[in-house]
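Going by numbering that gives the first Met the number 0, the first residue of the sequence shown is number 0, and it counts up by one from there.
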Amino acid sequence: MLPWVAWGGESSSPLVRKVREATAVYRDVNVAISQGFVPATPCVSGPDHGAMGVHYVLVDRLNKGILNAEQPEALIYEPLANGALRLVGVEFIVLQSVWQQQHPSGGVPALEGNLMNFIGAPNRYGLPAFYELHVWAWEDNALGSFADWNNAVRCDRQPIS
């Protein structure tokens, strides 16, 4: 088992700690797959720098629109040179249509005080409009624990398929 890494700043926030505890089992991607997570993207690289990684999504959770810090909709893995995947973070995702149906009075979804980002449609992921929040619980991020992109994550080691 890999050691736990302690960081300062945002990464020691209660949300980051909660996500780390809840997702430790998913450091082995085979556990995620056995619980229904499916690969949804190849390794996503940033427009000018950094990357997100390979997203594994639990579709049933995605369509419910329920935010729970211990149950992310997506797990994010970085491809390694040996072909393995390393858990680097998670993404909480709520489809705008589902959120508006459940909250007709409006408002932006938030997870434990952290407002989610809005991604309109069309988008590079082919999804309808949605809200998202990344939590870099397993890879330090100089841009912040809740930034979309992480300069420490790389996609250049993903096998070409």
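Even glycine gets a Cβ: it sits at the ideal position worked out from N, Cα and C.
None of the values given here were measured: they were computed from a predicted structure.
Counterpart residues of residue i in DSSP-defined beta bridges
{"i": "residue 133", "result": "90"}
{"i": "residue 44", "result": "50"}
Backbone CA spacing between residue i and residue j [nearest angstrom]
{"i": "residue 96", "j": "residue 131", "result": "13 angstroms"}
{"i": "residue 35", "j": "residue 57", "result": "6 angstroms"}
{"i": "residue 142", "j": "residue 43", "result": "17 angstroms"}
{"i": "residue 102", "j": "residue 61", "result": "16 angstroms"}
{"i": "residue 146", "j": "residue 94", "result": "19 angstroms"}
{"i": "residue 24", "j": "residue 79", "result": "19 angstroms"}
{"i": "residue 91", "j": "residue 76", "result": "14 angstroms"}
{"i": "residue 99", "j": "residue 114", "result": "15 angstroms"}
{"i": "residue 26", "j": "residue 45", "result": "23 angstroms"}
{"i": "residue 139", "j": "residue 41", "result": "21 angstroms"}
{"i": "residue 112", "j": "residue 155", "result": "34 angstroms"}
{"i": "residue 81", "j": "residue 48", "result": "23 angstroms"}
N-terminal and C-terminal residue of the beta strand (DSSP E) that residue i is part of
{"i": "residue 78", "result": "73–78"}
{"i": "residue 62", "result": "First-last for residue 62: undefined, no H or E at that position."}
{"i": "residue 29", "result": "Element bounds for residue 29: not the beta strand (DSSP E) but the alpha helix (DSSP H), 28–33."}
Residue i, enclosing alpha helix (DSSP H) - first and last residue
{"i": "residue 144", "result": "Careful: residue 144 lies outside any alpha helix (DSSP H) and carries neither H nor E."}
{"i": "residue 15", "result": "13–22"}
*asked:* For the stretch 60–74 against the stretch 15–26, do three or more pairs of beta-carbon atoms, one drawn from each stretch, fall closer than 8 angstroms, so that the two count as touching?
replied: Of all C-beta pairs linking the stretch 60–74 to the stretch 15–26, three or more are shorter than 8 angstroms, placing the two stretches in contact.
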